[in-house]
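One structure below.
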Amino acid sequence: MRQLLFLLIILLVSCQKDQLGCADVNCTEEYRVITVTLVQPDGSPVRLDSMAVVERGSGANLLPNLSAWEEIRAQGTYPIFEDSFVQEYRNREVELEFRGYLAGQEVVSAVYVVGADCCHVRLVRGDSRIEVEVPEVP
């Protein structure tokens, strides 16, 4: 019986609620967003009609909330991954595909590797500025 009690105590002491090591981490108050800026060859911004951000592999739609981005999107800057995803992607990396559309036609597609730590998202690999040839609309 003593051995069982000893084993139970060891088991309880070794269990941790925070398996990811984030319990004692102090995070900053800033909210981070990974963005991509689309420009035409002449440097003017590309204003997409729509966009998609998809996790490669699972196909999950990871499109951030765009309502707060209207003014910045008008300048050709688009969010692809933000701190709202920290809990889900904490301490790992994921490959995303950003797609942009004009008049129903895909005009840009780019692959990114992003990750998150205990507090914030980060860009691991991918271009933050892309030059896009915008097709003429008749």
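Residue numbers (UniProt numbering): 1 to 138.
Just so it is clear, CB atoms sit at the ideal spot from N, CA and C, and this is done for glycine as well.
So, helix, strand or coil for residue i, using DSSP?
i	result
Tyr112	strand
Val121	strand
Ser44	coil
Arg56	coil
Have a look at residue i and residue j and give me their C-alpha separation to the nearest angstrom.
i	j	result
Asp18	Arg56	Because the pLDDT of Asp18 is 47, which lies under 50, any placement of that residue in the model is unreliable, and the question is left without a value.
Asp24	Val132	44 Å
Asp83	Arg73	18 Å
DSSP has residue i in a bridge; who is on the other side?
i	result
Ser67	According to DSSP, which records beta bridges pairwise, Ser67 is partnered with nothing at all.
Arg90	Ala116
Thr28	For Thr28, which the question treats as bridged, DSSP gives no partner whatsoever.
Val33	Glu82
Tell me, to the nearest whole angstrom, how far the beta carbon of residue i is from that of residue j; I am working on the premise that it is less than 8 Å.
i	j	result
Ala110	Val36	7 Å
Taking all protein chains shown into account, decide if residue i is buried (16 or more other Cβ within 10 angstroms of its Cβ) or exposed.
i	result
Gly43	exposed
Leu5	Per-residue confidence for Leu5 stands at a pLDDT of 48, beneath the threshold of 50, marking its modelled position as unreliable; no derived number is given.
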